[in-house]
Structure formats: structure tokens, C-alpha cells
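A.B. asks:
There are 2 protein chains.
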Amino acid sequence: MATIRDVARESGVSVATVSYVLNNGPRPVRDETRERVLAVMRRLDYHPNAMARGLVRRRLFTLGVLFSSVEPTVVTNNYATCVLRGIMAAAVQAGYNVTIFTRPWQDARRSAARFGDRRTDGILVAAPSVGSDVVSGLAQRGVPVVVVSAPSGDSCVPWVDVDNARGAVLATEHLLALGHRRIAFLMGDGTQRSVFQRRDAFLATLARAGVTARDDYWLPGSFEPEVVYRNVTRLLNLPEPPTSIFTTNDDMAATTLEAARDLGVRVPQDLSVIGFDDYPYKGVGAPILTTVRHPLAEVGEAAARLLIDRVEGRGDGQREMVFQPELIVRETTLPPSSRLN
Amino acid sequence: MATIRDVARESGVSVATVSYVLNNGPRPVRDETRERVLAVMRRLDYHPNAMARGLVRRRLFTLGVLFSSVEPTVVTNNYATCVLRGIMAAAVQAGYNVTIFTRPWQDARRSAARFGDRRTDGILVAAPSVGSDVVSGLAQRGVPVVVVSAPSGDSCVPWVDVDNARGAVLATEHLLALGHRRIAFLMGDGTQRSVFQRRDAFLATLARAGVTARDDYWLPGSFEPEVVYRNVTRLLNLPEPPTSIFTTNDDMAATTLEAARDLGVRVPQDLSVIGFDDYPYKGVGAPILTTVRHPLAEVGEAAARLLIDRVEGRGDGQREMVFQPELIVRETTLPPSSRLN
DNA sequence: CTGTAAATTCTAACCGTTTCAACCGAACGT
DNA sequence: ACGTTCGGTTGAAACGGTTAGAATTTACAG
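Laid out in C-alpha cells, this is it:
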């Protein structure tokens, strides 16, 4: 494999000169010389070694992505896929590659140095769990970090998220406006702050409307499909089952529909279901989910842009971005059937 | 940020010794010395610089993934997501990171050197289009390559794929066995070899059964949802519409269901639909697609394993792997309704 | 003790770039 | 004719590691 020295030798100039033509600077090169060097580069099929470059430039034009958990299924679930799509969009545009870290974050002491080993120019931390020191750990080590879909505890780390509370308000108010009073909230597991934000806003909205949150609708939170399925079954078998269910995300809503179907509960006639996130399911068949649109790809894209700006020294003070959710009424919500009330 | 030299100085040994403890070799280090060095490393929060290491070791423990097209949507479509899931699984297990290239492949002359710039230890090329010189270009430059879901023209480049022909046979025979004779094949665009393999097997199976492939069911191939939708509409409005449609992949099948629904054609009563790939849709509602299961994640995982074996010098001659597809009969296929025949 | 082999450790070259300080010649102002 | 700039070029010092070869200890037999 040809190196810069080969090019220099073949074209009768110093390596410095070759480097200058390679980078268009920082010193000028006479046109005639440049042409000669370029010709040799082409002839030798030369391309600079990324490692050597990265070593001295301390830049590799690569963004790191760290998901809270690195189970391969987690890296490729709906949430991650959507965020990744946005990240890729920003990366493509800015000419960055994207590296997905596969080693799980353990704690700052053991992991910060590893992830900050200059393999990437900066790191996007997606959906860190509440107790984790991943963000502060990296930030403290001087690694440029942007948090995706979670506020950063660390005040100097930029973050991008949707307005979770607002989304939950939209969903809840929609159900209330339809006339629902028996509304259950199906909670995801308690490692994400967004889950709590959505729950709190749900409860607050209910309270504001003078509707009491029933204890028997309250079940332990989890994103696990099996648990969700079981919880829904339990809810629908209650003496007074809910007439509508609001889930923490669309995957849970899908599982809810499945469980309802298996119980012979018709959606939306007997049960309204509303999700959150609006994953772009290719809906294989009806009904199509009513949900709160969470612009995940845009969130990912904005976060990646923010990170790129930071590593390129254009940190224009932008510290946080909050996207507004939007209620998407489709086919899984209706007024509660009188039969059940 | 602490360097190996800092550690050496602080612990009163040479950098070589520090390196030996870092890598457990190649020379032994006395226990007492090792402890001292490790203590200093911990105290200084030292972690070796990945670039420097990569430069001399010529290994970064990172796999590159190159999708035929790098539209961000392509990188995160169903196909790519499934393959990526498998790749991640293998990578996690072997301790590799995964870099997704964002610059599109142009041609060997312009791109080979760029992608072989030692930023990754090897490259997984996913679904290269038929005319592309991406595989040969990289291979020729000495970059370890494994092709995902396409046979490699280059005989010395390993590849992994599903048996596309067999899958199409399974689907077609299923429809024939149900009694369908008016069967349409909806073709994807002609840049992937697998599309042709599926089509050819479809036609061959039809011929073997003595069923003629009708010209009026033959439409220009495309994966674009709009085109698919239009094609399906055209088919179903034919004087003698097909009683069943076999699509090149599940996304197309989903669009087919949508178009049928919009036309008031009931699936599976009036029209049977069978897809290919079995993407793990969270089926939001019925009917659930009958399809040919293509173990995409396993394909990706196997390919990644093959690549890792190669870069680690354990190339045990394994050159190609073909996975067997499986017919998954669900809810979108039935015998043709007599009404229509 | 001494000689010798084995176990450690050190010195220094190297991996392939970038870039700074220095140099050289030509053009320029005076 | 003579400093001064300035465009163009170069040698060499980083960048932060690995590792071969030499040097130093240590272990052990005689």
C-alpha cells in the first residue's frame, strides 16, 4: 500500500509538500508541482491512512453512537432505528461516518476512557437511563457529547428531546374529549426519564379534568412484550375494564392491540388505544394506530448536527432543543361504547 | 489526557514496560512492576489512544458496513435493520465496533482506497447492485471483504445469502397448491441479483406446473411504494385480475395490502398475498402476512463472523454460506374465491 | 563465588501523517 | 545595490503507541 513517502519520492518532492497538496494547505504549492504530485497519487492509487491522520489531527470525522443498552436487539429496535436514521442523515450531509459502540457502558471509571479513546470525534448518547453516569463521565473526560432524547443532568451537555409531557397531555386530552373516563396508562420500565414525564403529565391531565386515576389500572411498568401482553389481559379482565389505554410507546400499543384481539375485544369500538412515538410501521392491515407523533428522526438529526457543530468548534451556545409532538388521530380511538358504560 | 509516557514516568519504568503490561506481552513483566504500573494507570485514568494503536497494529477491532446506497432511509430500512441486527450480534460477541460508511461507493478507482484506509479492519458489503465493482475493487486492494446477501462475482470473496430461488419456489408452490392459477409476481427494481433469482424461480415453478405466465401481469419492477401501489391498482383493475400476488419483499406486500384495501378488495378472500423476507413487523392489526422467511439477521451475523475470522487470520476456507428459507403461512393466503374464477 | 541461561527492562526505531521553523530565491520598495 | 517581504519548499519534530535488539538483573548450577 502506497504511503505519503512513496508519493513524495516518486514525484521528487518532500512529504511536506505532498501533505500540502493533499490538504490544500496550510502552505501554498506551485500549480506545476501540485499537478505532478496529484498525477503520482493517482498512479499509485494513494489514499492517506486514516489512523495516521487521526493520530495527529485528533479528528477522524466519525460520530460515535452509544445506546443505553447494546443488546443487538436494542440497537435495532424501532426507537433506535428511527434515531439512527436521523443521525445518518446528518452524518451523510456533513461527511461523517458513524460508529456504533458495541461494548456496554459500565460506569465512568471503567468506561469513560475507553469510549473517549479518540476513535470517534464525539459521542451521541441515546436514551441514557436515569441513574447512569454515562453523560457526566464522558463530558468530564472532555469528550464532546450530545444527549439524544433525555435531558442531560449535566448542565453543560447539550441535549435534544421531544416534549414528552406535552405529548402525554395531547393523548390524554384526546381521550377525555372523546368522553373516556376509564383510562389506563401502560407504563414502560422505569429506566428512562421520558417514561416518568409521560406518566406525570398523564396523571396531571386527568387530575385537571377531575378524573381520578384508578388504582386497579396501575400495573408495574415494563417494555417487555410478554409483560405488556399480560398486563393488558389483566386490565381487560377487570370487573370495570378501562375503555381506553394510553401506552408509553407504539410497540406497547401494538402488543395491546394484539392482546385485545386475542380476547375478542374490538378496537376501537370496545377499546380505544393510543400510542406514543409514531414508528413508521408499514401497517400490514387495519386498524391503524392513533398515536402521538414523536419526530425521532428529526431528534436524532438535530442531535448529530449539534455534535458536529461542537466538534468543529462552531458551538453557538445552543444547549438544548425540544421538539413538539403532534397528535395523530387514526383508527384506534373512538368515544367509549355506551354498552360498556 | 494521560499518555503512555506519563504512565511510564509516574511509575518509574520505560514505555515499553507499560506497553507490555497493557497488552500482556509480548515480554513478561514482573508481578510487582505490573501492579505498580496498573495502579498508576488507574490513578491517571489512562486508556491507550485508539488511533496510535491502530496505526501500528493495523487493527482497530472495527467492522465496516457498506450499503449499496447510503440514503439514510436505505441504511435504516427493514432490510438493512435486520442485517445490521445480525452484524451487531456478531460484533458484540467478538468485541468489535461497527462503523457504517456514509460516503457512497462510486467506483473502484475513486472509492477503493478511501474505504480501505484502515479505518476498519474489514468491510461487509450489503446487497451490492449487479453492475457494481465494489466487491472486486475492495478485494483487489487487499481489504478483507464479505458480501452480504448476494453471491460475489469474485470467486475469492466469501459471501452469505439466502437461497432466493428456493424461497420463490416455496411461495409459488404454496399458491399453486391452494389452487391459484392467476398469479402475479411483483418485481423489485433490477439492481439486485436476488430480484432476478426470485423472478426466475417463480417463472420456472409456474412453467413446471403448466401454468403460463400472463403478459398482462407483467409490470416494470420497482421497490418504490408509489410505483408498487400504482402497479397493484393496475393489476386489480384488469379484466381478469390475479387471484394472488407474490411480491419480491414484505414492504411491497404491505403496500399491496394497502392498495387492495383502498380498492375494497378483501385479503385473503378475494386476493392472496405472499411476501418475502419476513420482516419482524409488530403487526398493528390483522391480517398478518403470509411470507417466506429469510433469516436476514442470521445472514448478517454469519457474514460478520466470516469477516472476523478472516481479519483474525482464521480463514478456514469457508467461502460461501446459503441459508434455507422457510414458508410461513399466516393470514393473507387462501384458495381463490369461486366468485372470481 | 563465578559463569551462564533465563527473566526483565530499557533504548530506539517505526507506524504514516501533519505542521512548525527555517531556508531559498524572486520580487519589491527605497 | 540592499534589506524586506513573500511564495514555495524542505527537514525534522511531533502525535501515542508497539516491538526488536541490546542491556541489565536475577536465578541457579557448579
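First to last, the sequence lines map onto chains P and H.
With the first letter of the first sequence counted as 1, position 218 gets the number 210 in this note's numbering; the numbers rise by one all the way through.
With the first letter of the second sequence counted as 1, position 135 gets the number 127 in this note's numbering; the numbers rise by one all the way through.
Beta carbons are placed, not taken as given, at the ideal position from N, Cα and C, and that holds for glycine.
Since the structure is predicted, the reported quantities are computational estimates derived from the model, not experimental observations.
#1: My assumption, with CB atoms under 8 Å, is that H/Arg26 sits in contact with H/Val13. Please give the rounded CB distance.
#2: Mind listing, in chain order, the continuous alpha helix (DSSP H) runs of no fewer than 4 residues lying wholly within the region 22 to 98 of chain H?
#3: When you compare the CB positions of P/Leu195 and P/Asn223, do they come within less than 8 Å of one another, or not?
#4: Of all the CB atoms in chain H, is at least one closer than 8 Å to the CB of P/Val84?
#5: Would you list, in chain order, the members of the region 12 to 41 of chain H that have their beta-carbon closer than 8 Å to a beta-carbon of chain P?
#6: Does the beta carbon of P/Phe315 sit closer than 8 Å to a beta carbon anywhere in chain H?
#7: When the cut-off is 8 Å and only beta carbons count, does H/Val10 lie next to chain P?
#8: For the beta strand (DSSP E) that contains H/Thr164, what are its first and last residues?
#9: Taking contact to mean at least 3 C-beta pairs separated by less than 8 Å, is the region 71 to 86 of chain H in contact with the region 78 to 88 of chain P?
#10: Name the two residues that bound the continuous beta strand (DSSP E) containing P/Ile115.
#11: Any idea if P/Ser147 is buried or exposed, counting beta-carbon neighbours within 10 angstroms, 16 or more meaning buried?
#12: Can you find a C-beta in chain P that's less than 8 Å from the C-beta of H/Leu319?
#13: Whole angstroms are fine: how far does the CA of H/Asp243 sit from the CA of H/His172?
#14: I'd like the list of long-range same chain contacts for H/Thr91, defined as Cβ closer than 8 Å, with 5 residues on each side in sequence excluded.
#15: Is P/Ile291 helix, strand or coil when you go by DSSP?
#16: Listing by chain order, which chain H residues have their CB less than 7 Å from the CB of P/Tyr88?
#17: Using alpha carbons as the reference points, say which of H/Asp109, H/Pro20, H/Ser60 and H/Val(-1) lies closest to P/Ala(-6).
#18: Roughly how many whole angstroms lie between the Cα atoms of P/Ala278 and H/Arg191?
#19: Who are the near neighbours of H/Gly180 in its chain, counting only those whose CB is closer than 6 Å to its CB and skipping five residues on each side?
#20: Within the 8 Å Cβ cut-off, does P/Ser141 reach chain H?
#21: I want to see whether chain H comes within less than 8 Å of P/Asp109, judged by CB atoms only; does it?
#22: With a 10 Å radius around its C-beta and 16 neighbouring C-beta atoms as the bar for buried, classify H/His286 as buried or exposed.
#23: Can you pull out the residues from the region 210 to 223 of chain H whose beta carbon lies closer than 8 Å to at least one beta carbon of chain P?
#24: DSSP puts P/Gly267 in a beta bridge; with which residues?
#25: Could you check whether the region 307 to 324 of chain P touches the region 245 to 263 of chain P, counting it as contact only if at least three pairs of C-beta atoms, one from each stretch, sit closer than 8 Å?
#26: Could you spell out the range, first to last residue, of the alpha helix (DSSP H) harbouring H/Glu218?
#27: Within the 8 Å Cβ cut-off, does P/Leu47 reach chain H?
#28: Give a yes or no on contact between the region 123 to 135 of chain H and the region 98 to 109 of chain H, applying the rule of three or more CB pairs nearer than 8 Å.
#29: What residues from the region 155 to 166 of chain P come within 7 Å of chain H, judged by C-beta to C-beta, listed N to C?
#30: Would you report the Cα separation of H/Glu232 and H/Ile320, rounded to the nearest angstrom?
#31: Using a 10 Å radius around the Cβ and a threshold of 16 neighbouring Cβ atoms, would you call P/Ala31 buried or exposed?
#32: Taking Cβ positions only, does P/Arg302 come closer than 8 Å to chain H?
#33: Which first and last residues belong to the alpha helix (DSSP H) in which H/Leu326 is found?
#34: Does any residue of chain H have a CB that is nearer than 8 Å to the CB of P/Leu255?
#35: Under 8 Å between C-beta atoms, does H/Ala296 make it to chain P?
C.D. replies: Quick look at the numbers:
#1: 5 Å
#2: 23 to 36, 42 to 49, 64 to 67 and 70 to 86
#3: no
#4: yes
#5: Asp37, Tyr38, His39, Pro40 and Asn41
#6: So, not an interface residue.
#7: Answer no: the Cβ-Cβ gap between H/Val10 and chain P never drops below 8 Å.
#8: Premise fails: H/Thr164 lies in the alpha helix (DSSP H), Asn156 to Leu170, not in any beta strand (DSSP E).
#9: no
#10: Gly114 to Ala118
#11: With fewer than 16 Cβ atoms within 10 Å of its Cβ, P/Ser147 is classed as exposed.
#12: no
#13: 22 Å
#14: Thr54, Leu55, Gly56, Val57, Arg111 and Thr112
#15: Note on identity: in this sequence residue 291 of chain P is Val, with Ile being the wrong assignment. DSSP places P/Val291 in helix when its eight states are reduced to three.
#16: Here the neighbours are Thr94.
#17: H/Asp109
#18: Residue placement at P/Ala278 is flagged as unreliable, the pLDDT there being 48, under the threshold of 50; the coordinate-derived value follows with that caveat. Using only the alpha carbons, I get a separation of about 29 Å.
#19: Val187, Gly213, Phe215 and Thr240
#20: no
#21: yes
#22: buried
#23: none
#24: Answer is P/Thr283, bridged to P/Gly267.
#25: yes
#26: Pro217 to Leu228
#27: yes
#28: yes
#29: none
#30: Distance between the alpha carbons of H/Glu232 and H/Ile320: 28 Å.
#31: By the neighbour-count rule (16 or more Cβ atoms within 10 Å), P/Ala31 is not buried but exposed.
#32: no
#33: Counting along the chain, no alpha helix (DSSP H) covers H/Leu326, and no H or E run does either.
#34: Closer than 8 Å: no.
#35: no
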